[in-house]
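Asks: Sharing a structure here in C-alpha coordinates format.
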Amino acid sequence: MSSATASPRSSSAVGKARSPRANCGSDSPTAIATRPDSGDVPATPPVGRNRRCGIPPDLFQGVSPDILRPQLKTKVPDFAAVIFDLDGVIVDSEPRHFASFEQVFAELLEGRPHGIDLPSYIGRSDELVWLDFIERHQPAQSLAELTRWKQDHYLRIIRAEQPLFPDIPPLVRRLAQVYRLAVASGSVHRVIAEVLALQDLRTHIPVVASVEDVGRAKPAPDVFLHAASLLGVHPSECCVIEDSAAGVTAGRAAGMTVIAITNSLPEDRLRDAHHVVRTYAEIERILLPAT
6 MSSATASPRS SSAVGKARSP RANCGSDSPT AIATRPDSGD VPATPPVGRN
56 RRCGIPPDLF QGVSPDILRP QLKTKVPDFA AVIFDLDGVI VDSEPRHFAS
106 FEQVFAELLE GRPHGIDLPS YIGRSDELVW LDFIERHQPA QSLAELTRWK
156 QDHYLRIIRA EQPLFPDIPP LVRRLAQVYR LAVASGSVHR VIAEVLALQD
206 LRTHIPVVAS VEDVGRAKPA PDVFLHAASL LGVHPSECCV IEDSAAGVTA
256 GRAAGMTVIA ITNSLPEDRL RDAHHVVRTY AEIERILLPA T
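The following block contains the structure:
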(Lines of atoms letter the chains of each structure in order from A; the text may use other names.)
(Lines give C-alpha, C1' and ligand atoms only; values in the text may rest on other atoms or scores of the structure.)
Protein backbone atom coordinates (compact mmCIF):
# COMPACT_ATOMS: atom_id res chain seq x y z
CA MET A 6 0.00 0.00 0.00
CA SER A 7 1.28 3.45 -0.72
CA SER A 8 0.66 6.81 0.82
CA ALA A 9 -0.68 8.80 -1.57
CA THR A 10 1.68 -2.24 -25.53
CA ALA A 11 4.67 -2.76 -26.70
CA SER A 12 5.34 -6.39 -25.93
CA PRO A 13 7.39 -6.66 -22.73
CA ARG A 14 10.82 -8.15 -22.90
CA SER A 15 10.82 -11.90 -22.44
CA SER A 16 12.24 -13.15 -19.19
CA SER A 17 14.48 -15.52 -21.09
CA ALA A 18 16.32 -12.53 -22.53
CA VAL A 19 17.57 -11.38 -19.13
CA GLY A 20 21.04 -12.66 -18.41
CA LYS A 21 21.02 -15.05 -21.40
CA ALA A 22 24.46 -16.48 -22.07
CA ARG A 23 25.92 -16.81 -25.53
CA SER A 24 28.76 -19.01 -26.63
CA PRO A 25 31.69 -17.17 -28.22
CA ARG A 26 32.56 -17.93 -31.83
CA ALA A 27 35.50 -20.09 -32.83
CA ASN A 28 38.68 -18.28 -33.73
CA CYS A 29 39.76 -20.41 -36.68
CA GLY A 30 38.00 -20.89 -39.98
CA SER A 31 34.65 -22.18 -38.77
CA ASP A 32 31.23 -20.60 -39.22
CA SER A 33 29.70 -22.45 -36.28
CA PRO A 34 30.11 -21.31 -32.66
CA THR A 35 32.41 -23.32 -30.42
CA ALA A 36 31.83 -23.50 -26.67
CA ILE A 37 34.58 -22.55 -24.24
CA ALA A 38 35.81 -25.13 -21.72
CA THR A 39 37.98 -24.06 -18.82
CA ARG A 40 40.88 -26.23 -17.73
CA PRO A 41 42.05 -25.36 -14.24
CA ASP A 42 45.74 -25.39 -15.18
CA SER A 43 45.79 -23.81 -18.60
CA GLY A 44 43.07 -21.17 -18.99
CA ASP A 45 40.50 -21.23 -21.81
CA VAL A 46 40.88 -23.84 -24.54
CA PRO A 47 38.33 -24.94 -27.16
CA ALA A 48 36.20 -27.97 -26.28
CA THR A 49 36.62 -31.02 -28.48
CA PRO A 50 35.49 -30.17 -32.02
CA PRO A 51 35.33 -32.58 -34.96
CA VAL A 52 38.70 -33.99 -36.06
CA GLY A 53 38.71 -31.93 -39.27
CA ARG A 54 38.39 -28.72 -37.32
CA ASN A 55 41.13 -29.86 -34.94
CA ARG A 56 43.47 -30.10 -37.89
CA ARG A 57 42.46 -26.72 -39.31
CA CYS A 58 42.98 -25.11 -35.92
CA GLY A 59 46.27 -26.85 -35.30
CA ILE A 60 45.00 -28.81 -32.30
CA PRO A 61 46.45 -32.32 -31.90
CA PRO A 62 43.64 -34.91 -32.19
CA ASP A 63 44.63 -36.58 -28.90
CA LEU A 64 44.81 -33.32 -26.91
CA PHE A 65 41.73 -34.16 -24.85
CA GLN A 66 42.33 -37.88 -24.35
CA GLY A 67 42.06 -38.78 -20.69
CA VAL A 68 40.57 -35.38 -19.73
CA SER A 69 37.55 -35.52 -17.44
CA PRO A 70 34.23 -34.71 -19.16
CA ASP A 71 33.50 -32.31 -16.27
CA ILE A 72 36.47 -30.20 -17.28
CA LEU A 73 35.33 -30.15 -20.90
CA ARG A 74 31.78 -29.09 -20.00
CA PRO A 75 31.18 -25.51 -21.25
CA GLN A 76 31.58 -22.80 -18.62
CA LEU A 77 29.41 -20.08 -20.16
CA LYS A 78 30.05 -16.48 -19.28
CA THR A 79 26.81 -14.71 -18.38
CA LYS A 80 25.96 -11.46 -20.09
CA VAL A 81 24.84 -8.49 -17.96
CA PRO A 82 21.20 -7.65 -18.85
CA ASP A 83 20.61 -4.86 -21.37
CA PHE A 84 19.08 -2.41 -18.91
CA ALA A 85 20.12 1.19 -18.37
CA ALA A 86 18.08 1.72 -15.20
CA VAL A 87 16.44 -0.03 -12.26
CA ILE A 88 13.27 1.48 -10.79
CA PHE A 89 12.25 0.47 -7.26
CA ASP A 90 8.81 0.57 -5.79
CA LEU A 91 9.06 1.95 -2.26
CA ASP A 92 6.49 0.30 -0.01
CA GLY A 93 7.04 -3.42 0.39
CA VAL A 94 10.27 -3.34 -1.63
CA ILE A 95 12.62 -0.85 0.04
CA VAL A 96 10.78 -0.46 3.33
CA ASP A 97 8.72 -3.06 5.19
CA SER A 98 5.85 -0.63 5.29
CA GLU A 99 2.62 -2.50 4.73
CA PRO A 100 2.09 -3.51 8.40
CA ARG A 101 2.94 0.08 9.39
CA HIS A 102 0.46 1.51 6.88
CA PHE A 103 -2.21 -0.82 8.24
CA ALA A 104 -1.42 0.22 11.83
CA SER A 105 -1.54 3.90 10.91
CA PHE A 106 -4.90 3.58 9.20
CA GLU A 107 -6.31 1.57 12.09
CA GLN A 108 -5.22 4.24 14.57
CA VAL A 109 -6.95 7.00 12.60
CA PHE A 110 -10.07 4.88 12.00
CA ALA A 111 -10.31 4.17 15.73
CA GLU A 112 -10.04 7.86 16.57
CA LEU A 113 -12.62 8.84 13.95
CA LEU A 114 -15.14 6.08 14.65
CA GLU A 115 -14.49 5.66 18.38
CA GLY A 116 -13.90 1.96 17.95
CA ARG A 117 -16.82 1.20 15.63
CA PRO A 118 -16.09 -1.17 12.69
CA HIS A 119 -14.77 0.64 9.64
CA GLY A 120 -15.42 -2.05 7.01
CA ILE A 121 -12.29 -1.25 4.97
CA ASP A 122 -10.41 -4.23 3.48
CA LEU A 123 -6.90 -2.79 3.87
CA PRO A 124 -4.97 -5.71 2.29
CA SER A 125 -6.91 -5.19 -0.95
CA TYR A 126 -5.22 -1.78 -1.26
CA ILE A 127 -1.64 -3.07 -1.19
CA GLY A 128 0.30 -1.29 -3.91
CA ARG A 129 -2.34 1.42 -4.33
CA SER A 130 -2.54 4.99 -3.08
CA ASP A 131 -3.85 6.14 0.30
CA GLU A 132 -6.31 8.35 -1.52
CA LEU A 133 -8.25 5.31 -2.68
CA VAL A 134 -8.50 4.03 0.88
CA TRP A 135 -9.80 7.39 2.08
CA LEU A 136 -12.31 7.69 -0.74
CA ASP A 137 -13.68 4.30 0.30
CA PHE A 138 -13.80 5.45 3.93
CA ILE A 139 -15.49 8.76 3.06
CA GLU A 140 -18.16 6.98 1.03
CA ARG A 141 -18.93 4.67 3.95
CA HIS A 142 -18.72 7.09 6.89
CA GLN A 143 -18.95 10.72 5.64
CA PRO A 144 -16.41 12.13 8.15
CA ALA A 145 -16.28 15.87 8.81
CA GLN A 146 -12.62 16.06 7.78
CA SER A 147 -11.56 16.67 4.17
CA LEU A 148 -9.61 14.20 2.09
CA ALA A 149 -6.47 16.30 2.53
CA GLU A 150 -6.92 16.40 6.34
CA LEU A 151 -7.45 12.65 6.56
CA THR A 152 -4.43 11.96 4.37
CA ARG A 153 -2.19 14.20 6.45
CA TRP A 154 -3.48 12.69 9.71
CA LYS A 155 -2.60 9.18 8.61
CA GLN A 156 0.79 10.29 7.21
CA ASP A 157 1.70 11.81 10.57
CA HIS A 158 1.00 8.50 12.31
CA TYR A 159 2.94 6.56 9.68
CA LEU A 160 6.03 8.78 9.75
CA ARG A 161 6.26 8.55 13.53
CA ILE A 162 6.38 4.77 13.18
CA ILE A 163 8.96 4.88 10.37
CA ARG A 164 11.26 7.22 12.29
CA ALA A 165 11.05 5.05 15.40
CA GLU A 166 11.43 1.64 13.76
CA GLN A 167 13.41 2.41 10.55
CA PRO A 168 12.09 -0.79 8.96
CA LEU A 169 14.20 -1.01 5.81
CA PHE A 170 14.51 -4.54 4.48
CA PRO A 171 18.02 -5.51 5.65
CA ASP A 172 19.24 -6.60 2.21
CA ILE A 173 18.20 -3.37 0.51
CA PRO A 174 21.09 -1.02 1.42
CA PRO A 175 23.86 -3.32 0.11
CA LEU A 176 21.83 -4.24 -2.98
CA VAL A 177 21.20 -0.57 -3.78
CA ARG A 178 24.88 0.25 -3.39
CA ARG A 179 25.92 -2.54 -5.77
CA LEU A 180 23.25 -1.75 -8.36
CA ALA A 181 24.20 1.93 -8.31
CA GLN A 182 27.64 1.00 -9.66
CA VAL A 183 26.03 -0.42 -12.83
CA TYR A 184 22.62 1.20 -13.34
CA ARG A 185 20.81 4.49 -12.96
CA LEU A 186 18.41 4.10 -10.03
CA ALA A 187 15.01 5.61 -9.27
CA VAL A 188 12.01 5.17 -7.01
CA ALA A 189 8.52 5.21 -8.51
CA SER A 190 5.94 5.14 -5.75
CA GLY A 191 2.32 5.65 -4.92
CA SER A 192 3.53 7.48 -1.82
CA VAL A 193 3.79 11.25 -1.64
CA HIS A 194 7.15 13.02 -1.75
CA ARG A 195 7.03 13.76 1.98
CA VAL A 196 6.95 10.06 2.83
CA ILE A 197 9.43 9.00 0.14
CA ALA A 198 11.98 11.55 1.39
CA GLU A 199 11.72 10.24 4.96
CA VAL A 200 12.31 6.65 3.86
CA LEU A 201 15.21 7.42 1.50
CA ALA A 202 16.90 9.40 4.28
CA LEU A 203 17.34 6.12 6.17
CA GLN A 204 20.89 4.81 5.74
CA ASP A 205 21.47 7.57 3.18
CA LEU A 206 19.70 5.71 0.38
CA ARG A 207 18.99 8.97 -1.45
CA THR A 208 22.72 9.23 -2.26
CA HIS A 209 22.36 6.16 -4.47
CA ILE A 210 18.78 6.74 -5.67
CA PRO A 211 18.78 10.33 -6.94
CA VAL A 212 15.58 10.16 -9.02
CA VAL A 213 12.14 10.06 -7.38
CA ALA A 214 8.75 9.83 -9.09
CA SER A 215 5.65 10.12 -6.91
CA VAL A 216 1.97 9.66 -7.56
CA GLU A 217 1.77 13.39 -6.77
CA ASP A 218 3.60 14.05 -10.05
CA VAL A 219 1.20 12.17 -12.33
CA GLY A 220 -2.47 11.91 -13.09
CA ARG A 221 -3.12 8.29 -12.24
CA ALA A 222 -1.89 5.86 -9.58
CA LYS A 223 -0.85 2.25 -10.18
CA PRO A 224 -2.01 0.02 -11.88
CA ALA A 225 -1.77 2.80 -14.49
CA PRO A 226 1.82 3.06 -15.82
CA ASP A 227 2.10 6.83 -15.33
CA VAL A 228 4.51 6.91 -12.38
CA PHE A 229 6.91 4.45 -14.06
CA LEU A 230 6.84 6.37 -17.33
CA HIS A 231 7.52 9.57 -15.40
CA ALA A 232 10.50 7.91 -13.69
CA ALA A 233 11.91 6.80 -17.05
CA SER A 234 11.55 10.34 -18.34
CA LEU A 235 13.40 11.74 -15.32
CA LEU A 236 16.13 9.14 -15.80
CA GLY A 237 16.43 10.00 -19.48
CA VAL A 238 16.05 6.41 -20.65
CA HIS A 239 13.54 4.55 -22.80
CA PRO A 240 10.99 2.50 -20.82
CA SER A 241 12.19 -0.70 -22.52
CA GLU A 242 15.61 -0.11 -20.94
CA CYS A 243 14.15 -0.12 -17.41
CA CYS A 244 13.74 -2.97 -14.95
CA VAL A 245 11.10 -2.51 -12.25
CA ILE A 246 11.24 -4.15 -8.82
CA GLU A 247 7.73 -4.52 -7.37
CA ASP A 248 5.85 -6.40 -4.67
CA SER A 249 2.20 -5.81 -5.62
CA ALA A 250 -0.14 -6.94 -8.36
CA ALA A 251 -1.03 -3.33 -9.18
CA GLY A 252 2.66 -2.50 -9.49
CA VAL A 253 3.34 -5.49 -11.75
CA THR A 254 0.47 -4.41 -14.01
CA ALA A 255 1.78 -0.84 -14.07
CA GLY A 256 5.34 -1.88 -14.89
CA ARG A 257 4.27 -4.13 -17.73
CA ALA A 258 1.91 -1.49 -19.10
CA ALA A 259 4.89 0.88 -19.16
CA GLY A 260 6.77 -1.58 -21.38
CA MET A 261 9.33 -2.42 -18.70
CA THR A 262 10.73 -5.71 -17.43
CA VAL A 263 9.26 -6.51 -14.02
CA ILE A 264 10.80 -8.45 -11.15
CA ALA A 265 8.28 -9.14 -8.37
CA ILE A 266 9.39 -10.13 -4.88
CA THR A 267 7.04 -12.03 -2.58
CA ASN A 268 7.34 -9.66 0.40
CA SER A 269 3.65 -8.78 0.44
CA LEU A 270 1.82 -11.28 -1.78
CA PRO A 271 2.23 -14.96 -2.71
CA GLU A 272 3.73 -16.00 -6.02
CA ASP A 273 0.40 -16.76 -7.70
CA ARG A 274 -0.72 -13.13 -7.17
CA LEU A 275 2.43 -11.90 -8.93
CA ARG A 276 2.54 -14.36 -11.82
CA ASP A 277 2.23 -11.63 -14.48
CA ALA A 278 5.74 -10.41 -13.65
CA HIS A 279 8.61 -11.49 -15.89
CA HIS A 280 10.40 -12.88 -12.83
CA VAL A 281 8.99 -13.77 -9.41
CA VAL A 282 11.58 -14.09 -6.64
CA ARG A 283 11.58 -14.67 -2.91
CA THR A 284 14.85 -13.01 -1.92
CA TYR A 285 16.97 -10.00 -2.77
CA ALA A 286 19.84 -12.37 -3.55
CA GLU A 287 17.77 -13.65 -6.50
CA ILE A 288 17.32 -10.07 -7.73
CA GLU A 289 21.06 -9.57 -7.54
CA ARG A 290 21.69 -12.74 -9.54
CA ILE A 291 19.35 -11.49 -12.28
CA LEU A 292 20.72 -7.95 -12.47
CA LEU A 293 24.35 -8.55 -11.52
CA PRO A 294 25.18 -12.00 -12.90
CA ALA A 295 28.72 -13.28 -12.41
CA THR A 296 30.95 -12.58 -15.38
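Numbering of the sequence shown is given in the working numbering, commencing with residue 6 and proceeding in unit increments. Note that the Cβ used here is the ideal one computed from N, Cα and C, for glycine as well.
Which value, in whole angstroms, describes the spacing of the CA atoms of E272 and F110?
Replies: Using only the alpha carbons, I get a separation of about 31 Å.
Asks: Give the DSSP bridge partners of R185, in chain order.
Replies: A86
Asks: Over what stretch of residues does the alpha helix (DSSP H) that includes I162 continue unbroken?
Replies: 148–166
Asks: With distances taken Cα to Cα, identify the nearest neighbour of V228 among V238, D248, A255.
Replies: A255
Asks: Comparing alpha-carbon positions, which option in P118, A85, L151, E287 lies nearest S105?
Replies: Comparing Cα-Cα distances from S105 to each of P118, A85, L151, E287, the minimum goes to L151.
Asks: Over what stretch of residues does the beta strand (DSSP E) that includes H102 continue unbroken?
Replies: H102 -> not in any beta strand (DSSP E); alpha helix (DSSP H) instead, spanning 99–114.
Asks: In this structure, how does DSSP classify I127 when only helix, strand and coil are distinguished?
Replies: coil
Asks: For a test of the three-state rule: what should DSSP assign to T208, helix, strand or coil?
Replies: helix
Asks: So what's A259 in DSSP terms, helix, strand or just coil?
Replies: coil
Asks: Buried or exposed: G237, going by 16 or more other Cβ atoms within 10 Å of its Cβ?
Replies: exposed
Asks: So, with DSSP's three-state summary, where would you put H119?
Replies: Looking at H119 - three-state DSSP - the assignment turns out to be coil, as it is neither helix nor strand.
Asks: Can you tell me whether H239 is buried or exposed, with buried defined as 16 or more other CB within 10 angstroms of its CB?
Replies: Residue burial is scored here from C-beta neighbours: H239 has fewer than 16 other C-beta atoms within 10 angstroms and is therefore classed as exposed.
Asks: Between S241 and the rest of its own chain, which residues show a CB-CB distance below 6 Å, the 5 nearest in sequence each way excluded?
Replies: Around S241: G260.
Asks: Indicate whether the contact test is met: 3 or more Cβ pairs, each with one atom in the segment 111–119 and one in the segment 129–144, closer than 8 Å.
Replies: In the pairwise beta carbon analysis, the segment 111–119 is classified as touching the segment 129–144: at least three pairs are separated by under 8 Å.
Asks: Does the segment 173–181 come into contact with the segment 142–149, if we say contact requires no fewer than three beta-carbon pairs (one atom in each stretch) closer than 8 Å?
Replies: Of all C-beta pairs linking the segment 173–181 to the segment 142–149, fewer than three are shorter than 8 Å, placing the two stretches out of contact.
Asks: Per DSSP, what kind of secondary structure is V253 in: helix, strand or coil?
Replies: Of the three classes helix, strand and coil, the one that applies to V253 here is helix, per DSSP.
Asks: Using DSSP with H/G/I as helix, E/B as strand and the rest coil, what is V213?
Replies: strand
Asks: Considering only C-alpha positions, which residue in the set Y184, S130, L133 is nearest to E289?
Replies: Y184
Asks: Do D248 and A265 come within 8 Å of each other at the CB atom, strictly closer than that value?
Replies: yes
Asks: How many angstroms separate the CA atom of L114 from the CA atom of D157?
Replies: 18 Å
Asks: Helix, strand or coil, according to DSSP, for S241 in the structure here?
Replies: helix
Asks: Going by DSSP, name the residue or residues bridged to D92.
Replies: V96
Asks: Apply the 10 Å Cβ neighbour rule to E166 and answer buried if 16 or more other Cβ atoms are within range, or exposed otherwise.
Replies: exposed
Asks: Let me check understanding here. Comparing Cα to Cα, which of L169, D218, A214 lies closest to L186?
Replies: A214
Asks: Taking H209 as the reference, give the member of F89, S269, A250 with the closest Cα.
Replies: F89
Asks: Output yes or no for whether 8 Å exceeds the beta carbon distance between D277 and V245.
Replies: No.
Asks: Relative to the C-alpha of E199, which residue among D218, A86, I95, H280 is closest?
Replies: Scanning D218, A86, I95, H280 for the CA closest to the CA of E199 turns up I95.
Asks: State the beta-bridge partners of H231 as determined by DSSP.
Replies: Answer by DSSP bridge pairing: none, since H231 is not bridged.
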